[in-house]
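Here's the structure, in structure tokens; my notes come after.
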Amino acid sequence: MAPGEARRFFSLGELWESPLEVQARYLPLQEALRRLPPGAYRLVGEAYEGERLWSRHVLEVEYLEPILPLGVAW
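Residues in the sequence shown are numbered from 654 upward in steps of one, following my numbering.
Okay, here's the thing in structure tokens:
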């Protein structure tokens with residue numbers, strides 16, 4: 654992977670439709686995303702049917718510096 658590129662594969666349906674105790678396994682991913690430095694990133698979404706890739710979308714995003722320190726609410 655290129656510098657500043659992060660890649661993680663998971664099922665969005667599994668994430669949103671699972672009970673909270675099952676969702677807990679995604680906490681390490683959540684923590685890793687919190688530690689990403691500001692900069693340019695590509696979000697890549699891929700959908701597979703078996704082994705066949707049938708959809709791929711790429712979204713370029715710019716992660717900016719936080720306005721407030723982490724843990725501070727508006």
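For glycine and all other residues, C-beta sits at the position ideal for the given N, C-alpha and C. Given the structure is predicted, the values throughout are model-derived calculations rather than measurements.
Ranked by Cα distance from leucine 696, the options Gly703, His710, Glu702 are led by His710. Pairing proline 681 with tyrosine 716 gives a Cβ-Cβ distance that is not under 7 Å. The secondary-structure analysis by DSSP pairs valine 711 across a beta bridge with Val697. Put simply, the backbone Cα of alanine 726 is about 16 Å away from that of arginine 687.
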